[in-house]
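Numbering (the working numbering), first residue to last: 10 to 173.
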């Protein structure tokens with residue numbers, strides 16, 4: 010949020026930038042929640058839309074992999090299907106299209122925001138010096154370099170009107 014304020018980004022611009030530059034959905038929610046309601050709405054929507062693309066991409070990859078010649082061990086292993094994704098899509102559609110469910114949807118949204126703050130704390134507190142030392146510094150440096158590249162390039166595209 011600090012960078013967004015320094016660059017005088019609008020709520021829309023900051024929401025888009027957060028959704029494109031931040032990897033973790035809960036971190037997008039945390040950052041945009043601090044910036045403003047419109048940034049939260051846009052950032053969350055764009056990030057979730059990107060995340061929903063995982064479904065067709067995963068299905069396509071699964072389909073293509075299922076057509077490959079299998080070894081005996083691979084043939085005996087059956088892929089698990091993530092049914093919770095279908096449940097999420099159905100719940101989102103019902104709250105959107107059935108007006109009577111919208112009050113319950115708002116209550117769930119309010120609870121989800123509170124739980125998201127807790128989740129952000131728990132995710133953030135998982136990184137320790139011991140963890141970094143056990144993995145080594147190279148992946149950490151690579152992650153920071155990639156984050157800087159993605160944050161800078163997506164910010165430039167939004168700031169100069171290439172993405173709006």
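Beta carbons are placed, not taken as given, at the ideal position from N, Cα and C, and that holds for glycine.
Might you give, ordered along the chain, the residues of its own chain that have their beta carbon closer than 8 Å to the beta carbon of residue i, omitting 5 neighbours on each side?
i           : result
residue 113 : 104
residue 37  : 27, 28, 31, 52, 53 and 56
residue 100 : none
Got a sec, what are the start and stop residues for the alpha helix (DSSP H) residue i sits in?
i           : result
residue 74  : 63-75
residue 169 : Residue 169 -> no alpha helix (DSSP H), and no H or E assigned at all.
residue 31  : Taken as a continuous stretch (DSSP letters only), residue 31 belongs to no alpha helix (DSSP H), as it is neither H nor E.
residue 12  : 11-15
residue 100 : 92-106
Excluding five sequence neighbours on each side, which residues of the same chain lie with their C-beta closer than 6 Å to the C-beta of residue i?
i           : result
residue 45  : 20
residue 159 : 30
residue 167 : 22, 25 and 26
residue 132 : none
Looking only at its chain, what residues have a beta carbon closer than 7 Å to the beta carbon of residue i, apart from the 5 residues adjacent to it on each side?
i           : result
residue 60  : 34
residue 163 : 26, 29 and 30
residue 172 : 25 and 166
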